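Colleague: Here it is: the structure, laid out below.
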Amino acid sequence: MDGTRHNDQQDPEEERCGVPHHLLGEISPYTDFTATDFVDMASHAMDSVLSGGRVPIIAGGSNSYIEALVDDEDFQFRSRYKCCFLCEHVAMPVLHRYVSERVDKMVEMGMVDEVRTFFDANANYAVGIRKAIGVPEFDRYFRAEPYLDKQQRGKLLQEAIQEIKRNTCKLACRQLEKIHRLRNKKNWKVHT
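Numbering (our numbering), first residue to last: 405 to 596.
Right under this line is the structure:
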């Protein structure tokens, strides 16, 4: 389950390896989806998975959302489930290369046109999909695009793509810091 993705295109069917995924494409990109919303939806999805005799696996998304789910204030999650936290350790240069390749693949698959559908010169970039990495970075490009020649558009587009890569790498670093905090301060048993 991944509560932060808004488009199934980011997880093409072939990458799912036949494993059913939940909560993908469920949220309107214009909705301000909160950790509380994630907890409610993930809890229902987990109940559905369990009722089918399967084990739910919570993957990806925001560590803050997963923390809200696991450390809920009435401890229902921990009283109902045994938790196993897995974190794949990847050297930073490898992670950065993967991020770069992933962003390039998303661009090849139509990311620019998809994000263009969300562009609004008067938009609030603090709400819904517009606050997600990959949207605000294109703002300058979309605003200037009609006034630039092909070469200038290409340069500005590459700058936006590079900014997405940098911001995604920064996010990955913050997520790793959060995982270390969960392990060291909250005593989560995180296996790498």
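Even for Gly, the Cβ is constructed at its ideal location relative to N, Cα and C.
Computed from a predicted structure; not experimentally measured.
Roughly how many angstroms lie between the CA atoms of residue 497 and residue 514, to the nearest whole one?
Modeller: Locating residue 497 in the sequence shown gives position 93, where the first residue counts as 1. Locating residue 514 in the sequence shown gives position 110, where the first residue counts as 1. The alpha-carbon atoms of residue 497 and residue 514 are separated by roughly 26 Å.
Colleague: Rounded to whole angstroms, how far is the Cβ of residue 445 from the Cβ of residue 427, which I believe are closer than 8 Å?
Modeller: Along the sequence shown, read from residue 1 onward, the residue named residue 445 stands at position 41. Along the sequence shown, read from residue 1 onward, the residue named residue 427 stands at position 23. Yes, residue 445 and residue 427 are in contact; Cβ-Cβ is about 6 Å, under 8 Å.
Colleague: So residue 568 and residue 549 are in contact, right, with Cβ under 8 Å, and what is the actual spacing, rounded?
Modeller: In the sequence shown, residue 568 corresponds to position 164, counting from 1. In the sequence shown, residue 549 corresponds to position 145, counting from 1. Actually they do not touch by this definition, with Cβ atoms about 16 Å apart.
Colleague: Given 8 Å as the limit, is there contact between the stretch 423-438 and the stretch 522-534, that is, 3 or more CB pairs closer than that?
Modeller: They touch, by the three-pair rule.
Colleague: Let me check one thing: in DSSP terms, what residues is residue 355 bridge-paired to?
Modeller: Residue 355 lies beyond the range of the chain shown here (405 to 596); nothing can be said about it.
Colleague: Sort 506, 452, 490 by Cα distance to residue 573 and report the nearest one.
Modeller: Indexing the sequence shown from 1 puts residue 573 at position 169. That would be 506, whose Cα lies nearest to the Cα of residue 573.
Colleague: Identify the residues that DSSP records as bridge partners of residue 427: which are they?
Modeller: Within the sequence shown, residue 427 is the residue found at index 23, counting from 1. DSSP, once it has assigned bridges, lists no residue as partnering residue 427.
Colleague: Per DSSP, which residues does residue 490 bridge with? Please list them.
Modeller: The count along the sequence shown starts at 1 and reaches residue 490 at position 86. Partner(s): 595.
Colleague: Can you give the Cα-Cα distance for residue 528 and residue 516, rounded to whole angstroms?
Modeller: In the sequence shown, residue 528 corresponds to position 124, counting from 1. In the sequence shown, residue 516 corresponds to position 112, counting from 1. Roughly 19 Å between the two C-alpha positions.
Colleague: Distance check for residue 508 and residue 477, CA to CA, integer angstroms please.
Modeller: Your numbering for residue 477 matches position 73 in the sequence shown. Your numbering for residue 508 matches position 104 in the sequence shown. Roughly 40 Å between the two C-alpha positions.
Colleague: May I have the straight-line CA-CA distance separating residue 524 from residue 561, to the nearest angstrom?
Modeller: Residue 524 sits at position 120 when you count from the first residue of the sequence shown. Residue 561 sits at position 157 when you count from the first residue of the sequence shown. If you take the alpha carbons of residue 524 and residue 561, they lie about 17 Å apart.
Colleague: From the DSSP output, in three-state form, read off residue 573 for me.
Modeller: One-based indexing of the sequence shown puts residue 573 at position 169. Helix.
Colleague: Less than 8 Å between CB atoms is the rule here; does residue 541 satisfy it with respect to chain D?
Modeller: No chain D is present in this structure, which holds just one protein chain.
Colleague: What are the boundary residues of the alpha helix (DSSP H) that residue 507 is part of?
Modeller: Position 103 of the sequence shown, counted from the first residue, corresponds to residue 507. From DSSP, the alpha helix (DSSP H) with residue 507 extends over 496-512.
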